[in-house]
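Novice:
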Amino acid sequence: MKHLFSALKRYRIEAILSPLFKLLEAMMELMVPLVIRAIVNVGIENGDRAYILHACLILALFAVLGLGFALTAQYFAAKAAVGTSATLRGRLFRKMQSFSFSRIDDMGTASMLTRMTSDTQQVQTGVNMTLRLLLRSPIIVFGATAMAFFVDARTALVFLGLIPLLVVVIYAVMAVCVPRYRNVQERLDDVYLSARENLTGARVIRAFRKEEGERAEFRQRTKALYTSQVRVGRIAALTGPLTYLLVNVAVIVLVAVGAIRVDHGALEQGDVIALYNYLALILVELVKFANLIVTVAKAASCMKRIGAVLDAEGEPSTLTEGDTADMGAPVVVFRDVGFTYDGGGAPALSGITFTAERGETIGILGGTGAGKSTLVRLLPRFYAATAGEVRLFGRDVNAIPAEELRAKIGYVPQKAVLFRGTVASNLRWGCENADDAALMRAAELAQAADVVEAKGGLAGEIAQAGRNLSGGQKQRLTIARALVKQPDILILDDSSSALDYATDARLRAALKTLSCTVFLVSQRVSSVRDADKILVMDEGHIADMGTHDELLARCPLYQEIYRSQTEGA
Amino acid sequence: MKNRKAFAGILRYLKPYTVPLLVTIVSALTVAAGQLLAPYFAGRAVDCILETGVDMAGVRKNILGVGVSAVGVLVFQWILSVCNNRIAYGVLRDIRRDAFRKLARLPLRYLDDRPYGDVSSVIVSDAEQFSDGLLLAFNQFFTGILTIFGVLGIMLAIRWEIALVVFCITPLSIFVARFIASRTYQTFKAQAESRAEEAAFVDEMLGELKVVKAFSREKANEAIFEGKNESLRQASLKAVFFSSTTNPTTRFINALVYAAVAFSGGLFVLMTADMGAPFTAGMLMTFLSYANQYTKPFNEISEVVAEFQNAFACAARLFSLIGEEEEPSDAGLPALGRVRGEVAAEDVAFSYSPDRELIKHFDLAVQAGMRVAIVGPTGCGKTTLVNLLMRFYDVQEGAIYVDGRDVRTVTRASLRENYGMVLQETWLKTATVRENLKMGRPDCSDEEMVEAAKAVKAHAFIMRLPQGYETVIGDEGVLSAGQKQLLCIARVMLCRPPMLILDEATSNIDTRTEKIVQEAFAALMKGRTSFIVAHRLSTIENADLILVMREGKIVEQGTHAALLARGGFYAELYHAGFSG
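Listed in order, the protein sequences are those of chains A and B.
Start counting the first sequence at 296; every next residue gets the next number (the numbering used here).
Start counting the second sequence at 255; every next residue gets the next number (the numbering used here).
(1) Here's a check: name, in chain order, each residue in its chain whose Cβ is nearer than 6 Å to the Cβ of A/Phe814, leaving out the five neighbours to either side.
(2) DSSP on A/His836, reduced to helix/strand/coil?
(3) Spatial neighbours of B/Asn546 within its chain, please: C-beta separation below 8 Å, excluding the five flanking residues on both sides.
(4) In whole angstroms, what separates the C-alpha of B/Cys742 from that of B/Cys698?
(5) Check each residue of the stretch 538 to 560 of chain B: if its Cβ is closer than 8 Å to any Cβ of chain A, include it; give the result in chain order.
(6) For A/Met391, go through chain B and note every residue whose CB falls closer than 8 Å to its CB, in chain order.
(7) Using a Cβ-Cβ cut-off of less than 8 Å, give me the residues of the stretch 489 to 505 of chain B that come near chain A, in sequence order.
(8) So, using beta-carbon positions, are B/Val320 and B/Ala292 closer together than 9 Å?
(9) With respect to the beta strand (DSSP E) encompassing B/Glu651, which residues constitute its N-terminal and C-terminal limits?
(10) Ignoring anything shorter than 4 residues, give me the alpha helix (DSSP H) runs that lie fully in the stretch 420 to 500 of chain A, in order along the chain.
(11) With a threshold of 8 Å, establish whether the CB of A/Gln417 neighbours any heavy atom of the ligand FAD.
(12) Identify the continuous beta strand (DSSP E) that holds B/Ile808 and give its terminal residues.
(13) Using the three-state DSSP reduction, which class does B/Val593 fall into: helix, strand or coil?
(14) Is B/Ala835 near B/Ile808, with beta carbons less than 9 Å apart?
(15) Thinking C-alpha only, which one of B/Ala622, B/Ala514, B/Ala569, B/Ser470 is nearest B/Leu388?
(16) Taking its Cβ as the centre, do 16 or more other Cβ atoms sit within 10 Å of A/Asn493, making it buried, or is it exposed?
(17) Measure from the C-beta of B/Arg688 to each C-beta in chain A and report whether the shortest distance is under 9 Å.
(18) Give me the Cβ distance between B/Ala744 and B/Leu669, rounded to the nearest whole Å; I'm assuming they're in contact under 8 Å.
(19) If you compare alpha carbons, which of A/Met296, A/Ala368, A/Tyr678 is closest to A/Ile399?
(20) A/Glu580: buried (16+ other C-beta within 10 angstroms of its C-beta) or exposed?
(21) I think A/Thr274 touches A/Leu644, with their Cβ atoms under 8 Å apart; what is that distance to the nearest whole Å?
(22) I believe B/Leu590 touches B/Asn672 by the beta-carbon criterion, under 8 Å. Please report the beta-carbon distance rounded to the nearest angstrom.
(23) Rounded to a whole number of angstroms, what is the C-alpha to C-alpha distance between B/Ser833 and A/Ser406?
(24) Spatial neighbours of B/Thr540 within its chain, please: C-beta separation below 6 Å, excluding the five flanking residues on both sides.
(25) Taking Cβ positions only, does A/Ala680 come closer than 9 Å to chain B?
(26) Does the separation of the CB atoms of B/Ile264 and B/Leu575 fall below 9 Å?
(27) Compare the C-beta of B/Thr767 against all C-beta atoms of chain A and say whether one is closer than 9 Å.
(28) So, for B/Gly728: in the same chain, excluding its five sequence neighbours on each side, which residues have a beta-carbon less than 6 Å away from its beta-carbon?
(29) Check whether the Cβ atoms of A/Gly342 and A/Cys597 sit closer than 9 Å, and answer yes or no.
(30) Determine the extent of the alpha helix (DSSP H) in which A/Met843 is found, giving its start and end residues.
(31) Can you tell me whether DSSP reads B/Gly536 as helix, strand or coil?
(32) Taking B/Met753 and B/Thr783 to be in contact with their CB atoms under 8 Å, please state how far apart those CB atoms are, rounded to whole angstroms.
(33) Would you say B/Thr441 reaches chain A, if we count a Cβ-Cβ gap shorter than 9 Å as a contact?
(34) Looking only at C-alpha atoms, which of B/Ser734, B/Glu484, B/Asn564, B/Val277 sits nearest to B/Ile333?
(35) Within the stretch 706 to 750 of chain B, note down every full alpha helix (DSSP H) run reaching 4 residues or more, in order along the chain.
(36) From the DSSP output, in three-state form, read off A/Gly755 for me.
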């Protein structure tokens, strides 16, 4: 909730003015029964038509004023609600962008997206409704009670008896229903999962002839959903009728007590009518209020999800303080480095020790899950080593501010990802100020000049996620993008897998002409055989390292991998 | 027209709920009557309270009336809600089940042609919105209509002149609501566009957040986001504000009606005071209460109409999914039984769209136990062959035979039972490892299952999962692509089918593990017909028959030696090293 109030703060004035105008509007409504009382007690009693006319003109005036107040209140409420959700979206976006890779893994894209979209939308509705109605209802209920006391304090005691009962009923129903609504939501998630799986897995399900089994499961899940919906509905449906009954019980007591009071001459008929009208006002208001509570409860649970994100810690710029650079050191030093993923039991890396000199090419070879990608992800500190020490440019990597660190490293991820825009806008991710010539140079190095040409030059359109490009084209553009940075360290994380051997070879030759240190992750011996140093990874540790010839001579694992790839050729 | 069709569809789904529907209508009638009678009795009771003398017996009689009416409303409104829940959620469940059943019967062409999100949102969100609309309608429509007529009736009976005043002013609120709704439509459209714009950006950037961070693009993205967020805020403000003017405006008209009733009623009390049937102050109170009750259903009904337009649109999408043409039924066709594994294609023609010719005059003869390799560059349509063999798609001309029988003359299930399929795109159900492995043979023993897992080197990592074989896994989640592929392979190994289809089945597995898996496969494939989409040379060379594909067409077929000798596309691929 503190996040909600903090976001609302910028719209403090609107958030105060809106209920204030609602209050004014409510006061207009609260005056109405008094006017009616006057009509009955004075106008009708004295047969004064002019009086009745005047009273009704006052009613009309109240209506006009009420409209004006209400519209003003709606405007301020809308402004505060919309502004709050926009502020929350902005903060969420900023916070999510600051997340460390572990946190991103942990949270998952889908969950981040729903928080950005549907959760903030629910909160917007909740804030809007709260400002407009949630505050109005108590004002009306308590206002009507106060006015009733003004009319006749003794009879108005009925109101004091009624209000706690109403509160109890509404509270009890909500207390029972809110957790059950959550249960309904979970059942709905199951239904959604079934539907989605039967679309994504259509081929496998048909191949294994699981159609009937899936249908039975779906039947069971829709049944569970139906049951939970009907069950919670049965209780929720009590709110309206119960409040109706309570208010009418109050009417009965009011009329009975009123009758005695009038009989004693302490009250007039018009007073009883006015009191009755106040009860009617409360009833209409409560029906709206009951519906509203559900909306607000939903919004509150969404706000909790948003709050969880905003409470999460972003990635700090540096992990450790002050570290003096050792100018003479190699570009990259790994000293007994270990790493365990959050929630992962066994370490993904352990005992990694090696150095890389300026301009060297380091090949990293190994099987699925050997820890190749994990190793290179420690360099730009996407993940921080959990043991040992990683030193870059003679400094502890944890002490280098993230932005400075990542500016020096060109990273080409396994999955080639491009963004909607143009070829140039994508390449400029590497360097905002690069001129066209620099972009083309990078493209040529990455063997992507023909891709740029095929798209109609640097201004060529790139569709969302680069859908209008083939896998190989995308890979080459992502390599070019990293080269635009003119990085000190270039990391290719298995990023030439979609290239044919000839293009791959040309690419490696081109990279040789650069002065930067290159890390080349691959499953293919042919990609790394020319590297200055090859790290052979096996189950999270370095099995051996050396040049191709050295490894071929002494490393059984390397020999095995080599054989498995050259056999028969 | 479209609406009428949707309406007929809705009626069809409502039919099984005739009894609850009748109960709903009767309850709605009782509730409306009770809600009208309570103020009536209250008014009568107040009339007994005169300064000149209070008729206590009259008061007692009439407040008893209020009490009975209120209890009646309590009971029947609850019944009404419960019935309506049963109807709306029941229809929702039925309609979802029908839509879901449809999924299994639709041709894959239909599913391949649209994003998964589109179809699942029909089953989930559209169905939900439709049932919400239905619920709202049932909860408000009947009582609303009955209340309107009831109020009019009673008012007419007591004092038709005042009824006329109410009758003339109230419809104003509908016109105003309509007017505002048509105005807000534009602002909502602008808001939706603005929102979609922002969502697309967020989707892209949060979806690839790791790349964003690798390039330190956070600041630049934030600036772009702020711009989009601000235009969304402005568009939303307009939409939210304009749509929220409906309530105050109708309330304003309501207040005018109230004032008019008070005025005309007040005058009538004076004018009829000395007549035989006077219009009393209590009646005025009843009328004022009615004036409030009368406008409420008008507002609600206009709300229901708006909501129902949306519900109709959702229903139309649901019915169009449910009414979609199914795969031709194979009920009544004989089962294929266990085959030897002879596969033949005769003069087969197939294409995904009529304007793009794909496979034409394709012949194939595979003897039982043969190994067939399918090669070609990425995206050449190797998967098309899998589609045809498994009958995910049917040929357009010619025929495919298994053991000499046209596959279209037997049931699909019995054909597919004879194939074991492993695809490059792995798919696992959200269920335990055990359930996934036993998918093809739920009755197999745990020993067999573990044996299969060991054969593909999956046992070790399964045991490392938090609950071993009982760990719930899914399409997303903890397993790597390679591990998922191993599970898919084990799943097929357990079935021991006479024919195998392996579509790049080992593409995500490292070369060493792959060798082990290959050996396991080799043992499995012995004596079985197998179709293997592959680009590894050793696999291809050892095949009995090689099909060479290019741009969706089968351009060459033969053995390795024969194809090399021919010096065609295969030879070209061979010399380039079969990349991709």
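By construction, the Cβ of each residue, glycine as well, lies at the ideal position given by its N, Cα and C atoms.
Computed from a predicted model, the values in this text were never measured in an experiment.
Specialist: This is what the structure gives:
(1) Ile657, Val671, Ile786
(2) The DSSP-derived three-state label of A/His836 is strand.
(3) Excluding positions up to five away in sequence, the list reads Asn508, Tyr512.
(4) Cα to Cα, B/Cys742 sits roughly 16 Å from B/Cys698.
(5) Leu538, Met539, Leu542, Ser543, Asn546, Lys550
(6) Leu460, Leu463
(7) Ser490, Leu491, Val494, Phe495, Ser498, Thr499, Asn501, Pro502, Thr503, Arg505
(8) yes
(9) 651 to 656
(10) 431 to 446, 448 to 495
(11) In the structure on display, the ligand FAD does not appear, and there are no ligands present to speak of.
(12) 807 to 812
(13) Correct three-state label for B/Val593: coil.
(14) Because chain B spans 255 through 834 in this model, residue 835 of chain B falls outside it and cannot be assessed.
(15) B/Ala569
(16) buried
(17) no
(18) Going by Cβ atoms, the distance from B/Ala744 to B/Leu669 rounds to 23 Å, so no, they are not a contact pair.
(19) Comparing Cα positions, the closest option is A/Tyr678.
(20) buried
(21) The requested residue 274 of chain A is not part of the displayed model; chain A covers only 296 to 864.
(22) 6 Å
(23) Any answer about B/Ser833 is weak, because its pLDDT of 47 lies below 50 and its placement is not dependable; what the coordinates show is given next. Straight-line Cα distance between these residues: approximately 37 Å.
(24) Pro293, Tyr294, Gly297
(25) With 9 Å as the cut-off, A/Ala680 does not count as an interface residue toward chain B.
(26) Remark: C-beta atoms of B/Ile264 and B/Leu575 do not approach each other more closely than 9 Å.
(27) For B/Thr767, the answer is yes, since a Cβ of chain A falls inside 9 Å of its Cβ.
(28) Thr684
(29) no
(30) A small fix is needed here, since residue 843 of chain A is His in this sequence, not Met. First-last of the alpha helix (DSSP H) with A/His843: 843 to 849.
(31) B/Gly536 falls in the helix class under three-state DSSP.
(32) 5 Å
(33) no
(34) B/Val277
(35) Secondary structure within the stretch 706 to 750 of chain B: the alpha helix (DSSP H) runs of 4 or more consecutive residues, fully enclosed, are 713 to 718, 735 to 747 (chain order).
(36) coil
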